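Residue 1 is where the sequence shown starts when you use the UniProt record's numbering, and the numbers rise one by one after that. Every residue gets a Cβ at the ideal spot worked out from N, C-alpha and C, and that includes glycine. What you are looking at is a predicted structure, and each value in this text was computed from that prediction instead of being measured.
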Amino acid sequence: MTTVFLHPPGIYDFRKRPVFIGAMSEAVPSTPVFEMYPMGFVSMAHYLERHGHRARIVNIALKMLNSEKFDAEKFIKRLNAEAFCIDLHWMAHLHGAIEIAKICKKFHPNTPVIFGGFTSTYYHDEILTKFSFIDYVLKGDSCEYPLLKLIENLNKTDKEDIPNLSWRKNNIVKSNPITNVPETVNFVIDPKFMLKLIIRDMDIDANLPYRSWLDEPTMPILTSKGCLYNCVNCGGSSECYKRIYNRKKPAFMEPDKVIEQLRLNEEYIKNPVFFLNDIRMGGKRYYEEVFKKIKKEKIDLPVVFELFSPLTEEFAVTLKSTFAHYNLEMSPEDASDDVRFCAGKNYTNEDVENSIEIALNNDCDKFDLFFMLGLGKQSKKSIYRTLDYIDSVIGKFKKFKNSGEREHKVYPFISPYAPTLDPGSIAFENPARYGYVVLHRTLEEHYNAFDRYSWKDFFNYRTENLSPDDIIDLTYDTAVKLSHIKRKHEMVDDRYVKNTEKQVEISRDVMKKVAQISKTGIGINDNEREINLLRDEINESMKSLIHKNRELNWPRNRKSLNVYVMNILGNILRRL
1 MTTVFLHPPG
11 IYDFRKRPVF
21 IGAMSEAVPS
31 TPVFEMYPMG
41 FVSMAHYLER
51 HGHRARIVNI
61 ALKMLNSEKF
71 DAEKFIKRLN
81 AEAFCIDLHW
91 MAHLHGAIEI
101 AKICKKFHPN
111 TPVIFGGFTS
121 TYYHDEILTK
131 FSFIDYVLKG
141 DSCEYPLLKL
151 IENLNKTDKE
161 DIPNLSWRKN
171 NIVKSNPITN
181 VPETVNFVID
191 PKFMLKLIIR
201 DMDIDANLPY
211 RSWLDEPTMP
221 ILTSKGCLYN
231 CVNCGGSSEC
241 YKRIYNRKKP
251 AFMEPDKVIE
261 QLRLNEEYIK
271 NPVFFLNDIR
281 MGGKRYYEEV
291 FKKIKKEKID
301 LPVVFELFSP
311 LTEEFAVTLK
321 STFAHYNLEM
331 SPEDASDDVR
341 FCAGKNYTNE
351 DVENSIEIAL
361 NNDCDKFDLF
371 FMLGLGKQSK
381 KSIYRTLDYI
391 DSVIGKFKKF
401 KNSGEREHKV
411 YPFISPYAPT
421 LDPGSIAFEN
431 PARYGYVVLH
441 RTLEEHYNAF
451 DRYSWKDFFN
461 YRTENLSPDD
471 IIDLTYDTAV
481 KLSHIKRKHE
491 MVDDRYVKNT
501 EKQVEISRDV
511 MKKVAQISKT
521 GIGINDNERE
531 INLLRDEINE
541 SMKSLIHKNR
551 ELNWPRNRKS
561 LNVYVMNILG
571 NILRRL
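The structure is reproduced here in structure tokens:
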């Protein structure tokens, strides 16, 4: 028997029920279907296999996205599973997770359905109280060992000794404490294990992390779990980790494990490595030891680092001496220091610009800046000032003295904080203090919102200055204005600007039509029939609106032979 990990789409019936998803996935590699499954799937599957249990990963979202003929119900019905594990990590997957769980229980009434992830942890009691087709919730950020213990004890009535587990006993919800909180992060993603799953299951789409991975493969390294910072709208802040996931301080990957992961990536992928979280949280001694070992091993891969605080000259010099190619990412959120401070980021525009200058002086290949729409205390005026700031930053660092052949190295992005304020986040718990109004609190309320027709209806918040309508309108307006700013600085061509304007026009038109149909009150079936007539326009509007893929991509070495082989294998398997 096999433990099957199922990754759901954001909206389960997105192929049948026309849903205007909008610009919800602009700053991530996945499509609006949110087909990128969590790294925890791989770590838990690998852990089970190492302990004698068979595991399988199925990216249901990607299989649905890649083939109109793929029938999720028939596929799940044929599965012979010991247990179904479904991720509900971020709220964006709620609708799909609930619907996939229903299907699993419909065809396999005696097979346990297990939920996990940050959102599952926060709502564990409501999940088991209101959704009878879900049997267990594994809580916290490290569920490898708890899952193993649960799989080994499924037939036992009493499960009080399984850490991190919420379950039912005589129809009463029991919540075991979150005690499995490892002090180090030692899991390594082994590409050989992933290849083993692909060959064994004869299914490449089921195992790919997201749709474009074969074309632009990137390997993440989770150097830490937990955080030192308190961004108020983040469900992974230091305060959230302590209060919800029982992690009192961050845990870090041992330097030798970092090297092991990089070696595997260099051997099998030969493409950018994304260091998740700010490696500096581990302290100077930690990152210097990691970098020293990288230089000793002569590992040569392009890398990307996140900056949760301003860049220092010392760290930049270390990066330059360690890596031939590196990129940096920073998220100032808004050009207003007041808005940024309220969001929990305690640095100024001067700090941002100093960071860019230090990076470019130390041979940084690309510096990405991420700004957001829909933050507490934000106003329309501050958003337009942010666009002005973006314009000035691009101009300031255009043709920077160390830019070399690449004229532009600073790439600003602006996207909506949509559609949900992270449940459990500091702002979700105390919205008025941070400029928010929470519209949905329970999981059931969120599910009902996602069961509607437009991303406007998905929002679980408004701010003291901006409604969901305002945020959406600003999303489209800033998309056009940003395209013109980039054209002004010769970062894009006229065709890029015209395409952006066309997509915005289509999106605005679809929004208006969907809103009109929803207000008519002519009945659900008639509404769906009317909206279904907009299907082609909705599909066109789902194309990347704000950030084209080539802008989000990172410098990369030549693609490895293994990735080419996987591409060929995938094409063969899809024709079978």
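- Residue 361 is not a Cβ neighbour of residue 206, given a cutoff of 8 Å.
- The C-beta of residue 67 has fewer than 16 other C-beta atoms within 10 Å across all chains shown, which makes the residue exposed.
- About 5 Å separates the beta carbons of residue 454 and residue 514, which is inside the 8 Å limit, making them a contact pair.
- Burial is judged here by how many other beta carbons sit within 10 angstroms of a residue's own beta carbon; residue 378 has at least 16 and is buried.
- The criterion of a C-beta distance shorter than 8 Å is not satisfied by residue 436 and residue 373.
- Under the 8 Å Cβ criterion, the region 248-255 does not count as touching the region 297-311, having fewer than three qualifying pairs.
- The C-beta of residue 352 has 16 or more other C-beta atoms within 10 Å across all chains shown, which makes the residue buried.
- With the rule of 3 Cβ pairs closer than 8 Å, the region 125-140 counts as touching the region 93-109.
- By the beta-carbon neighbour count (other beta carbons within 10 angstroms, threshold 16), residue 422 is buried.
- For residue 295, the CB contacts under 6 Å within the same chain, skipping 5 residues up- and downstream, are 322 in chain order.
- In the structure shown, the three-state DSSP call for residue 455 is helix.
- Here the region 221-236 lies against the region 264-277, with 3 or more beta-carbon pairs under 8 Å apart.
- Contact annotation: the region 354-370 touches the region 308-317, with at least three C-beta pairs closer than 8 Å.
- Straight-line measurement puts the Cα of residue 347 at about 7 Å from the Cα of residue 341.
- In this structure, residue 135 sits near residue 113, with a CB-CB distance shorter than 8 Å.
- Here residue 124 has 137, 139 and 166 as same chain residues with Cβ atoms under 6 Å from its own Cβ, once five neighbours each way along the sequence are excluded.
- According to the DSSP assignment, residue 128 belongs to the alpha helix (DSSP H) that extends over 124-130.
- The closest CA to that of residue 456, considering only 469, 445 and 465, is found on 469.
- The distance from the Cβ of residue 237 to that of residue 230 is about 5 Å, consistent with a contact at the 8 Å cut-off.
- Under a 10 Å Cβ-count criterion, residue 35 is classified as buried, with 16 or more other Cβ atoms of the shown protein chains found around its own Cβ.
- Rounded to the nearest angstrom, the gap between the Cα atoms of residue 309 and residue 76 is 45 Å.
- Residue range 273-276 is occupied by the beta strand (DSSP E) that includes residue 273.
- Rounded to the nearest angstrom, the gap between the Cα atoms of residue 64 and residue 200 is 21 Å.
- Secondary structure note for residue 227: it is in no alpha helix (DSSP H), with a DSSP letter that is neither H nor E.
- In the DSSP assignment, residue 328 forms a beta bridge with 305 and 367.
- Per DSSP, residue 464 lies in no alpha helix (DSSP H) segment and is marked neither H nor E.
- Between the region 202-216 and the region 278-286, the count of Cβ pairs shorter than 8 Å is below three; the stretches do not touch.
- Beyond the five residues adjoining it in sequence on each side, residue 179 comes within less than 6 Å, by CB distance, of 163 in the same chain, given in chain order.
- Residue 57 is positioned such that its CB atom lies no closer than 8 Å to that of residue 115.
- Residue 395 sits exposed, since fewer than 16 C-beta atoms from the chains shown fall within 10 Å of its C-beta.
- A contact is defined here as three or more CB-CB pairs under 8 Å, and the region 325-342 meets this definition with respect to the region 380-387.
- Secondary structure of residue 6 (DSSP, three-state): strand.
- Ranked by Cα distance from residue 311, the options 297, 299, 329 and 325 are led by 329.
- Listed in chain order, the non-local C-beta contacts of residue 431 below 8 Å within the same chain comprise 376, 421, 437, 438 and 461, local neighbours out to five positions each way being set aside.
- Rounded to the nearest angstrom, the gap between the Cα atoms of residue 326 and residue 176 is 43 Å.
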